[in-house]
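> Residue 383 is where the sequence shown ends in UniProt numbering, and the numbering goes up by one at each step.
Mind looking over this structure? Questions follow.
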Amino acid sequence: MIDFVKTNPDEIFNNVLSIIETELGETLAEGDERTLFIRSLMPIIVAINNDINDTANQNLLEFARDEKLDTIAKEYHNTERLKPTESVCNGIVKLSQLQLQDIIIPSGTKVTPDGIAMFKVKEDAIIKAGEMQSYLKLIAASTGDKYNGYKVGSINRLVDPIPYVSEIYNIEISNSGSDIEDNASFRERARLELESESTAGPTGAYEYLAYSSDNSISSIKVTSPSPGTVKILATVDNGEIPSKDILDKILNKCSARDVRPLTDNVITGVPEVINYDIDLTYYVDKNLSTYERKWRKSIEGNNLDFKDGAIRDFILWQQDFIGKSINPDELRYKIQDAASYEVENKRISGVRRILITSPKYSELTEEQLAKVKNININYGGME
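Here it is, written out as C-alpha cells:
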C-alpha cells in the first residue's frame, strides 16, 4: 500500500517535537512532562494516519476492497463482481420395476450425499413408459464451492420419495459451484477490462471475457494454434476440468459478434493433464520434539490425509495455472515453511532434511496442466 502520510512513530514524534520547540523557543528535555505528553499521543496519531492511508488507498483499484472496489470497478472499469453459483452435476434416476406409463421426476426433488448438503433435480425428468431409467441434472440447493467435489455415486439419498423410483445418484463429480467473487480475482478482471474494449483480438480481451462468463473459472489460457484461430483453455474450482456447460458459457461470451474480430474463429477446450506423483521422506529437528505432532499436521494435514497442510497447498499451487511447470523446489519450500518457528525475528525451519524422489522438475507447454496422481509421504522421524 502507498503511504500518503507517515506512520513511523519516531519520525512523527521528532517532527511534532521540533514544531513545538520552535513555537516555544526552547528545547524540551526528554523527561519534560510536555515531551512525555507528546510521546503519549503517538499511538493515537499513528492509528489516525493508518486510517488516512487506508482510506486514501481505497480510491485505487490495486488496493480497494469490498464495497469500495465494487464502486471503482463499476464506475471506471465497467465491471461488476460475479455472483455466487450453484454446484452442478449430471445424474441418473432408476425405477424399481418397469412401468406402463411415464414417470415424472419433478424439478426440486431433493437428493443428499450426507443429510446435510442438499442437491435438487434442476428440471423435470421423465422416464418413458417401458424404460427403466433416465438422465437428469442435479444442482446444489445453495451457492458455494463447498458443494463441489462430491464423488460419482455419493449424492444418492433420496429425500423426497417418488413412487416406483428406486434411486437417484450423480454420475459425475459435482463442480462449478462458487462463492461470491473474491477481491483479488475481481480486481484482476477489472484491470483487464480496458483490453476488452479492443476488437483487435488481444489476449487480455479474451481473458477478461472468459473470466467474466462464470465465477467458478480459476484459470484461463488463450492460445492461437493456427492463424485466425483462438483457442481458450479453462479450469475451474482451483484446477479442475470444466464441464461442457462452462465451456459453452465461455464460447458464447467470447465469440459474440460485438466482441471478437470477424476473422477470429474461437474454440474452447480443456488443458492436457500431465500426471505426476509426490514421493518423499522428511525429517524434523530432534531438539524440538514438542513440535513434532504440530509440524506433522502442518505438513500432512490435520488428519495426516493430505486434505490440508503443506502437501495440499503445493498440489493446489501446482494446478492453479495452466502451463505452470512442475517444480519440486516449491514443494520443498512449502514443507519447510509449514514447520517453522521464529527466533530473534528470524524464521527458522524445523525440518532437517527432505528427500524428494518425485516429482522432478518438468517444463510444461502452455496447453498442459499438472495434476497429482499418487501421494506417498514418509515421515522419517527426528534427527
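Each residue gets a CB set at the ideal place from its N, CA and C atoms; glycine is no exception.
1) Please return the same chain residues whose Cβ sits closer than 6 Å to the Cβ of K7, not counting the five positions on each side in sequence.
2) Can you give me the C-alpha to C-alpha distance between V159 and D245, rounded to a whole angstrom?
3) Between the alpha carbons of V372 and D10, how many angstroms are there, rounded?
4) Taking the beta strand (DSSP E) that P225 falls in, what are its first and last residues?
5) Taking the alpha helix (DSSP H) that K297 falls in, what are its first and last residues?
6) Measure the C-alpha to C-alpha separation of A129 and I104 and round it to an integer number of angstroms.
7) Pull the bridge partners of I232 from the DSSP assignment, please.
8) Would you kindly work out how many angstroms separate the C-alpha atoms of R257 and S96, rounded to a whole number?
9) Do you know how far the Cα of R65 is from the Cα of I278?
10) Going by DSSP in three states, T109 sits in which element: helix, strand or coil?
11) Beta-carbon separation of E300 and W317 under 8 Å?
12) Straight-line CA distance for F186 to L82?
13) Give me the Cα-Cα distance between D70 and E80, rounded to the nearest whole angstrom.
14) According to DSSP, what are the bridge partners of L262?
15) Would you check if there are 3 or more beta carbon pairs closer than 8 Å linking the segment 135-144 to the segment 84-91?
16) Consult DSSP for G381 and reduce its assignment to one of helix, strand or coil.
17) How many angstroms separate the CA atom of E193 from the CA atom of I72?
18) If you draw a straight line from the alpha carbon of I267 to that of Y150, how long is it in whole angstroms?
19) Considering only DSSP beta bridges, list what Q368 is partnered with.
20) Determine the extent of the beta strand (DSSP E) in which N303 is found, giving its start and end residues.
21) Please identify the residue among I2, M42, T22, M1 whose C-alpha is closest to the C-alpha of I12.
22) State yes or no: is the C-beta of I326 within less than 8 Å of the C-beta of L280?
23) By how many angstroms is the C-alpha of I335 removed from the C-alpha of G381?
24) Is DSSP giving G204 helix, strand or coil here?
25) Flag this pair as yes or no: are the beta carbons of I274 and L209 separated by less than 8 Å?
26) Can you give me the start and stop residues for the alpha helix (DSSP H) that A184 sits inside?
27) Give the DSSP-derived three-state secondary structure of D66 in the structure shown.
28) Buried or exposed: where does R347 fall if 16 or more other Cβ atoms within 10 Å of its Cβ makes it buried?
29) Note down the Cα distance separating I19 from A29, rounded to an integer number of angstroms.
30) Give the single residue among K122, Y379, Q99 whose Cα lies nearest to the Cα of T109.
31) Roughly how many angstroms separate the alpha carbons of K324 and L100, rounded to a whole number?
32) Quick one: Cα of L247 to Cα of A234, how far?
33) DSSP state of F314, grouped into three classes?
34) Any idea if P227 is buried or exposed, counting beta-carbon neighbours within 10 angstroms, 16 or more meaning buried?
35) Rounded C-beta distance between R191 and S212? I'm assuming under 8 Å.
36) Does I220 pass the burial test, meaning 16 or more other C-beta atoms within 10 Å, or should it be called exposed?
On the basis of the data shown:
1) According to the sequence as given, residue 7 is Thr; it is not Lys. For T7, where only same-chain residues beyond five positions count, the Cβ hits under 6 Å are V46, N49, N50.
2) 26 Å
3) Rounded to whole angstroms, V372 and D10 show a C-alpha spacing of 51 Å.
4) 217-226
5) 292-300
6) 10 Å
7) DSSP lists V222, T268 as partners of I232.
8) 49 Å
9) Each residue's alpha carbon lies about 37 Å from the other.
10) coil
11) No. Outside cutoff.
12) 8 Å
13) 7 Å
14) For L262, which the question treats as bridged, DSSP gives no partner whatsoever.
15) yes
16) strand
17) 12 Å
18) Whole-angstrom Cα-Cα distance: 29 Å.
19) E272
20) From DSSP, N303 is part of no beta strand (DSSP E); its letter is neither H nor E.
21) M42
22) Cβ atoms of I326 and L280: not closer than 8 Å.
23) 15 Å
24) helix
25) no
26) A184 -> alpha helix (DSSP H) spans 183-196.
27) helix
28) exposed
29) 15 Å
30) The shortest C-alpha separation from T109 is found at K122.
31) 55 Å
32) Between L247 and A234, the C-alpha separation is close to 8 Å.
33) helix
34) exposed
35) Rounded to the nearest angstrom, the Cβ distance from R191 to S212 is 13 Å, too far for a contact under 8 Å.
36) I220 should be labelled buried.
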